[in-house]
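Just so you know, the sequences run in chain order A and B.
Per our numbering, the first sequence starts with residue 1, numbered consecutively.
Per our numbering, the second sequence starts with residue 1001, numbered consecutively.
The C-beta atom is built at its ideal place from N, Cα and C for all residues, glycine as well.
A quick write-up on the structure given underneath.
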Amino acid sequence: MNEDAMIQTIRLAGELDLSRKREIRDAFAFSNGARAVLLDLSEVVYADSTALTELLRFCAMAQGANTPIAIVIAAPQFLRLVQYAGLATAFKVFPDRGEALQYLSECAGT
Amino acid sequence: MGASELRLCRPAQTRSVAPIRRALRTFLEALAFDGAALDDITTAAGEALANAAEHAYAQETKHPRRDVELLARFERGELSLEISDGGCFIERSALPGRGFGLRIIRAIAHQMQIETSHGTRIRMLFPGPLLKS
Chain A
1 MNEDAMIQTI RLAGELDLSR KREIRDAFAF SNGARAVLLD LSEVVYADST
51 ALTELLRFCA MAQGANTPIA IVIAAPQFLR LVQYAGLATA FKVFPDRGEA
101 LQYLSECAGT
Chain B
1001 MGASELRLCR PAQTRSVAPI RRALRTFLEA LAFDGAALDD ITTAAGEALA
1051 NAAEHAYAQE TKHPRRDVEL LARFERGELS LEISDGGCFI ERSALPGRGF
1101 GLRIIRAIAH QMQIETSHGT RIRMLFPGPL LKS
């Protein structure tokens, strides 16, 4: 957690597929006091619809809690997966951590 | 040029999905697929494999062991992919949040068919790398 901005960072890397469903779900959890969440998936090299489903579930929880989420995705395969699933407008996706943090800082008013 | 073929059969379990997917990717690279086409075909296959692994045991008590099989065949500039299992097909509406797989496959494959009479069999067709402009 970034103590100044109260931005929680969640990082996952590697291949996010069905075999890691439980791990993904467990990782996508809020920390107490977080005013915003950065999902740093910049080191994910492959993702499938399991990851999308868990992302949607977490984003819905965040929306209910009025907590902004920014997702960093770098892998072209992952970016196209989001498009193919028709979820391009469902997530706030950024190409790097800097842009994502700037967005979250503005949302959190820090 | 003759046909190139990859056939793999593994137990229909979640841990089988990634090794089959990686083997397919290596096969595609050997056929000169690259870039977005390589990623997309691997993605579509991964969704079908995940579907098979997740659903093949829906009738586990009747059929205690099931396999998932992948057949990739490249011939006359076209790649056909067939992924089959002995499980029962589960409609999207029966699994909230798990319906993206077929949507993704349909978005990627140039043709796609599903047979559900004996297990589930998903057939996909893709143009070969030599046909791309």
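Query	Result
If E62(A) sits next to V37(A), beta carbons under 8 Å apart, how far is it from one beta carbon to the other, in whole angstroms?	For the record, residue 62(A) in the displayed sequence is Ala; it is not Glu. Yes, they are in contact, since the Cβ atoms of A62(A) and V37(A) sit about 6 Å apart, within 8 Å.
Applying the criterion that 16 or more other CB atoms from any shown protein chain within 10 Å of the CB defines a buried residue, is A166(A) buried or exposed?	The shown model of chain A, from 1 to 110, leaves out residue 166(A), and the question about it has no answer.
Looking at the unbroken alpha helix (DSSP H) that takes in T53(A), where does it start and where does it end?	49-64
By how many angstroms is the C-alpha of L1070(B) removed from the C-alpha of D17(A)?	18 Å
Can you give the Cα-Cα distance for A90(A) and D96(A), rounded to whole angstroms?	18 Å
Output yes if chain B places a C-beta closer than 9 Å to the C-beta of L18(A); else output no.	yes
Taking S1004(B) as the reference, which of R1073(B), L1102(B), S1084(B) has the closest Cα?	R1073(B)
Spatial neighbours of L1038(B) within its chain, please: C-beta separation below 6 Å, excluding the five flanking residues on both sides.	L1028
For a test of the three-state rule: what should DSSP assign to S1117(B), helix, strand or coil?	coil
Using three-state DSSP, classify P956(B) as helix, strand or coil.	Only positions 1001 to 1133 of chain B appear in the structure, and residue 956(B) is not among them; the question remains open.
Can you have a look at D1034(B) and say buried or exposed, based on whether 16 or more other CB atoms are within 10 angstroms of its CB?	exposed
Please name the residues in the segment 1096-1111 of chain B whose beta-carbon is closer than 8 Å to at least one beta-carbon of chain A, in chain order.	G1097, R1098, F1100, G1101, R1103, I1104, A1107, I1108
Which chain A residues sit within Cβ distance under 8 Å of E1054(B)?	L18
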